[in-house]
Each structure stands twice: as structure tokens, then as C-alpha cells.
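In UniProt numbering, the protein residues as written are 1 to 350. What follows is one structure encoded as C-alpha cells, with my remarks underneath.
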Ligand SMILES: *Cc1c(COP(=O)(O)O)cnc(C)c1O
């Protein structure tokens, strides 16, 4: 049967999600999930009916939260589906390309490959910023430029002036897709205000990270009404299950937003704790992080990663040399992880 599949699919390596990579243990700091499991009410009395394609109350709740109009919001099965919809709506297979700047989130490239859309890869500079001249030189046939800020896995913000220059450079040629999956941890860095000035700007958001709803699968795309209309042409007829909309609306209620704000403060304190504790260790470099994770460089990251793994502390390997990505968990998880790493580093240094 494999031979019947598209050549592209036969050759495809699927995204190595934290879940797929397995592991066993008590401390899971590998998927940038929230440690908070919040309670919600769901009612099952409407499940005989199909859901609305784009539930208005949900769009309005997110529009109010993000500071845009309801017509500028699309909701989908996580931000990941937003990536797919953009590629399907804007890229002609075997002709157009997307462009992205590693080290960054892996799904842009994989989604494009799945649809026979080529990837143009322009690495970030050594300061993990946009290499604008190199991007400009590679824009032929590019329809979508993906920029992740805070960037996963490096944790840094992309310079706002550079984003504006990129938007101007691509005007009438390509869309700039700002992946703001972690923006709720640093809302002042959002580019949402630029939607008013740049019709080629698209912003991806999610409830998976700060809102502690990774298992819900609910994300948003913010853009001009014209772009939203195009994406609605290619979305599935019933993309938002009724219980998903019900829970997301509760998460975006005033009480839900207050809870998220509190949890973001709590996680930011834990991130500062981890950052300070790790920075004190000989030979360890912690990069400034603006999301709920830190990229950390160790003298021998692979050996340390495996020692942690064998002891039930599951972190994420990183494509950046000698680096491990650590999600910020609750205080107990952070303390145990820091204590184990400190122990290992002291052993190596003796
Ligand atoms: C987690 C993540 C996503 C995916 O979010 P979902 O809404 O869970 O699909 C998108 N972009 C980045 C950078 C992420 O880290």
C-alpha cells in the first residue's frame, strides 16, 4: 500500500513532537505545556447537532482579548491548523514556496512539504535575528514568510523594526506570518497593532501555552477580513467541536483571563528562578527567554539530556549546538530539575 501513497508522503519524516518521542518519568518539561490543569464546565445536550463553523461568541471573545475586530479572527484546530490553512490557501503546489528562519518551529517546513510546497530556509543571524538582506534575495515565488516571536526554541524576541522592514519589503508579494504562540507571556511585544498598517500581516495565536489548554486544540489566526475570507474557503466545514468552543469561551471570560494572567506571573517567577539557578553553574549559559521555556547551553548537552531522561526528567533536545530546551513547570518541577542538573555538573567538574 505504501507504493500507492504520494511520493512526497512516502518520503516524509513526520514532526517529532514531544509526545511522539516518548520517555517515561514524573517531570515533563519537554513540550512547553502549562503545569496548570484548570477546571471547566461542559454540557453534552447539543452534541446531536453539528457545530457552527466559526462560533461567533468565541470569535468575539478572542477579538476582544486580542484587540481586533471579530472579522479579523479565524479559529482552528490549534495554531498548527492555521499554518496549514495558510499554505493551502496561498501556495500553489510544486510552484510556490514558503520561507522560514531556523532555528525555529519545525511545523512550517513539514506542513509545506506535505502539500508539495518548497521550503526556502534563511537561517537567523548569530544574534537570532532576521537576516533581511538574505531574505530579500530569496523572495522569488515565496508566498509566506514565517517569523516566530518569541522564537521557539531560542526564546528571544524578533526585533520589531526588522519585522516592519520585512512587512514593507514583502508588500504585494508575500504574507508575513507572525507566530505569536507565546505572546501571552510578553503581550507588549505583540505585532497586533501593525495589522492596521500592513495588509500582508497574519498573526497566529493559540490557547495551548499560556492558557494551559494544549489538549483542547484551539488556535486563532488574526488578519485582514480579506485574508480570513480566503482561509474560510479551505477550512473543514465543522472545524471547532462544540465542547472546544464552550471551554475556550470560559477560558476567555473575565475570570478565565484573570486566571491566565495569574498563572503567567507564576510561571515567569519560576522561569526567573530556573534562569538564576542555572546561570550560577560553571560552563552553563542560559539565553534570555520570553516564553514559558528556556534554551540552555551545557558543556555536554547530550550526556546531560540522557542522564535526565534516565532519571525521569524529560526535556527537549535542541538543534542549537549543545543546547537543551527546558519548559518552565511548577516550582517543585523546576527545583527538582535544577537540583539534578547542579548535581550532574558538579560531578563532571570534579
Ligand atoms: C506550540 C506551538 C504552536 C502550535 O500550537 P497549537 O495551537 O497547539 O497547534 C505553534 N507555533 C509555535 C512556535 C509553538 O511553539
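A virtual CB, placed ideally from N, CA and C, is assigned to each residue, including glycine.
- Using a cutoff of 7 Å, the CB of residue 206 counts as near ligand 1, since one of the ligand's heavy atoms is closer than that.
- Between residue 207 and residue 66, the C-beta gap is not smaller than 8 Å, which leaves the two residues out of contact.
- Taking the CA atoms as reference points, residue 57 sits about 23 Å from residue 83.
- Beta-carbon to beta-carbon, residue 325 and residue 315 are separated by about 7 Å, close enough to satisfy the 8 Å threshold.
- Short of 7 Å from the beta carbon of residue 286, and not among the five residues preceding or following it, lie these beta carbons of its own chain, in chain order: 275, 278, 279, 294, 296.
- With a cut-off of 7 Å, the C-beta of residue 289 is classified as distant from ligand 1, since no heavy atom of the ligand falls inside that distance.
- Shown here, residue 1 sits in coil according to DSSP, grouped into three states, outside any helix or strand.
- Partner residues in the beta bridge of residue 327, as assigned by DSSP, are 293.
- No residue range can be given for residue 122, since it is assigned to no alpha helix (DSSP H) and is classified by DSSP as neither H nor E.
- Remark: the C-beta of residue 80 is in contact range of ligand 1, defined as less than 7 Å to any heavy atom.
- Under DSSP, the beta-bridge partners assigned to residue 178 are 147, 203.
- Taken in chain order, the complete beta strand (DSSP E) segments of 3 residues or longer contained in the stretch 30-93 are 73-76.
- Closer than 7 Å to some heavy atom of ligand 1: that describes the Cβ of residue 214.
- In the same chain as residue 152, and ignoring 5 residues on each side of it, the C-beta atoms closer than 6 Å to its own belong to 105, in chain order.
- Cβ-Cβ distances below 7 Å link residue 122 to 99, 101, 131, 134, 135, 138 in the same chain, with the five nearest sequence neighbours on each side left out; the list follows chain order.
- In the pairwise beta carbon analysis, the stretch 90-97 is classified as touching the stretch 105-118: at least three pairs are separated by under 8 Å.
- Residue range 254-279 is occupied by the alpha helix (DSSP H) that includes residue 277.
- At least 8 Å separates the beta-carbon of residue 219 from that of residue 111.
- Remark: the C-beta of residue 330 is outside contact range of ligand 1, defined as less than 7 Å to any heavy atom.
- Of 189, 224, 113, 126, the smallest CA-CA separation from residue 320 is found for 126.
- Taking 8 Å as the cut-off, the beta carbon of residue 214 is found no closer than this to the beta carbon of residue 184.
- By DSSP's assignment, residue 219 forms a beta bridge with 76, 206.
- Straight-line measurement puts the Cα of residue 62 at about 10 Å from the Cα of residue 253.
- Apart from sequence neighbours up to five positions away, the residues of its chain that approach residue 33 with a beta-carbon distance below 7 Å are 214, 327, ordered along the chain.
- Of the heavy atoms belonging to ligand 1, at least one sits nearer than 7 Å to the Cβ of residue 181.
- In the structure shown, residue 100 adopts extended strand secondary structure according to DSSP, grouped into three states.
- For residue 317, the pairing in a beta bridge is given by DSSP as 324.
- In this structure, residue 336 has its beta carbon at no less than 7 Å from each heavy atom of ligand 1.
- Judged by the Cβ position, residue 141 fails to qualify as a neighbour of ligand 1 at the 7 Å threshold, every heavy atom of the ligand being at least this far.
- Residue pairing for residue 309: DSSP places it in no beta bridge.
- A check of alpha carbon separations from residue 241 across 50, 155, 233 identifies 50 as the nearest.
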